[in-house]
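Student: Numbering (my numbering), first residue to last: 7 to 154. Quick reminder that beta carbons are idealized off the backbone N, C-alpha and C, glycines included. Given the structure is predicted, the values throughout are model-derived calculations rather than measurements. The following block contains the structure, expressed as structure tokens.
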């Protein structure tokens, strides 16, 4: 394998990640309650993606299940905060993982799309400002697709 092909996946990943910008809001007293999403390994009592609120006194309150999805082990938001993307491990009959996208509504998540992660054991998802989604799998495959 020549040098360029050996390092091409790492280079593509680096270019994609540096193109993503994260806006950090000032965290002050006016930001409470702070709502956040948590993905879970499903089974037992766990069913998918939940929301929680961090209260001003430091307590965390569950606000419930927002989406039933198999093993959403990694979550990310689009730059504009309108979409939530989740890695779903081993959700297809081919033993491939998938990426599931949702529109964030006031108090719910509305399913948009599900697509393959490009391999087994997905572990990372990111979306840039143009809507391109990058997924990485533990088996060294990268996949880029357009958020639709």
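(1) Where does residue 37 fall in DSSP's three states?
(2) Kindly list the residues whose CB is nearer than 6 Å to the CB of residue 135, restricted to its own chain and excluding five residues on each side of it in sequence; keep chain order.
(3) Let me confirm a value: residue 69 is counted as buried when at least 16 other C-beta atoms fall within 10 Å, else exposed. Which label applies?
(4) Determine the burial state of residue 140: buried for a count of at least 16 other Cβ atoms within 10 Å of its Cβ, exposed for fewer.
(5) Under 7 Å between the Cβ atoms of residue 45 and residue 81?
(6) So, with DSSP's three-state summary, where would you put residue 64?
(7) Between which two residues does the beta strand (DSSP E) holding residue 82 run?
(8) Mind checking who residue 119 pairs with in its DSSP beta bridge?
(9) When we look at the beta-carbon of residue 38 and count the other beta-carbons within 10 Å, is it buried (16 or more) or exposed?
(10) Taking the straight line between their C-alpha atoms, what separation do you get for residue 95 and residue 111?
(11) Look up residue 3 in the DSSP assignment and say whether it is helix, strand or coil.
Tutor: Let me spell this out:
(1) helix
(2) 85
(3) exposed
(4) buried
(5) yes
(6) coil
(7) 78 to 83
(8) 107
(9) exposed
(10) 24 Å
(11) For residue 3 there is no data in the structure shown, the boundaries of the chain being 7 and 154.
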